[in-house]
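Residue numbers (our numbering): 5 to 257.
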C-alpha cells in the first residue's frame, strides 16, 4: 500500500497527496483485506473539529484524509507545511466509480433525497446516470433519511447487497460519524467514503461550479452566488484562516 506523508492542519492529519496519488491509495485500500474509509475535510469541517474536539478521532481514524477545499491548502501554507494540492472529493468519487466499473466492484449509495411523485430518489437518479456511462456497473442504495433506530437495518441492507464500496452522503459530520460508529459492522464493504453532495451532482440535481471558478479556486464563491443562505457556513472560512494565523496548531491536539 502506498505510504503517504501526513500534514497536520489544525489537528487534522491530511494525506499529502496529489489527486492521482490519493486515488492510488484508495485503490490499494479497496483491494486490501478488511474495512477502511476515506474522509474529505474542507475548512468548515476542520473548524468544526477545532470547536468540537470529539470530532478529531472520527476524522483522524480514517485511512485516507484528503484536503477537499482550497482553504485547507492555504492553511497548510500558512503553517509552512504545504499540502501538494486540493483533492476534490467529487473528483475522487468519479475516479473510484470508473475503477469500480472496470473492476466489477459493486457500489452502494447511501444518501440524498427520497423519491417523490415527480422523480426517483437521488441515489437512483445518480445510479441511472452512471449506468448510462458504465452499463455494466452494479449499484444498490437507499436515501439518506432515517432514524437512529433504523441504523442496524440499514447496515444489514448494505451488507446483504454485497457492495465492496460504500459512498455515505449525509453531509458532514453526520456521514463521518455514521462510518466511524459502524465501521466494525460492515462485512462485504472494503472501502467507505464520506462524500457530502456527491450524489446530487451525479444525479444532475446539483451542479458543480463552471470551469473558470474551479480553475481559480473560487468554487465557494459560485456556491454562495447560487445560495446566499450559505453565508453562515461561508464565514467559517475566514474564521478558520484567522485562527490558523493566530494559533497555528498550538490550540489543538
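C-beta atoms are modelled at their ideal positions from N, C-alpha and C, and glycine is treated no differently.
Whole-angstrom C-beta distance between residue j and residue i, which should lie under 8 Å
i	j	result
residue 159	residue 104	Their Cβ separation, rounded to whole angstroms, is 20 Å, which puts residue 159 and residue 104 out of contact at 8 Å.
residue 41	residue 195	7 Å
residue 1	residue 75	Given a span of 5 to 257 for the chain in the structure shown, any question on residue 1 remains unanswerable.
residue 245	residue 113	No, residue 245 and residue 113 are not in contact; Cβ-Cβ is about 33 Å, not under 8 Å.
residue 64	residue 253	Residue 64 to residue 253, Cβ: 13 Å. No contact.
residue 14	residue 54	6 Å
residue 130	residue 30	About 19 Å; that fails the 8 Å criterion.
Residue i burial status per 10 Å Cβ neighbour count (16 or more: buried)
i	result
residue 165	buried
residue 120	exposed
residue 84	exposed
residue 271	Look at the range of the chain in this structure, 5 to 257, and you will see that residue 271 is not part of it.
residue 149	exposed
residue 145	buried
Residue i, DSSP secondary structure in three states
i	result
residue 235	Since pLDDT at residue 235 reaches only 48, below the 50 mark, its modelled position is unreliable, and no value is offered.
residue 12	strand
residue 190	coil
residue 123	coil
residue 18	strand
residue 134	helix
residue 83	coil
residue 116	coil
residue 97	helix
residue 159	helix
Any C-beta of chain C under 8 Å from that of residue i
i	result
residue 136	No chain C appears in this structure, which consists of one protein chain only.
Proximal residues to residue i (C-beta, below 7 Å), its chain only, five neighbours per side dropped
i	result
residue 62	177, 180, 181 and 184
residue 73	46, 47 and 90
Proximity to residue i [Cα-Cα], best of the options
i	options	result
residue 20	122, 70, 243 and 14	70
residue 23	88, 150 and 66	88
residue 190	90, 156, 173 and 81	156
residue 35	248, 192 and 252	192
residue 8	161, 59 and 67	67
Contact set for residue i: own chain, Cβ-Cβ below 8 Å, skip 5 residues either direction
i	result
residue 147	115, 116, 117, 118, 119, 125, 126 and 127
residue 38	194
Sequence-distant residues of its chain with Cβ nearer than 6 Å to residue i (five each side left out)
i	result
residue 25	none
residue 282	Within the shown structure, residues of the chain are numbered from 5 to 257, placing residue 282 beyond reach of any answer.
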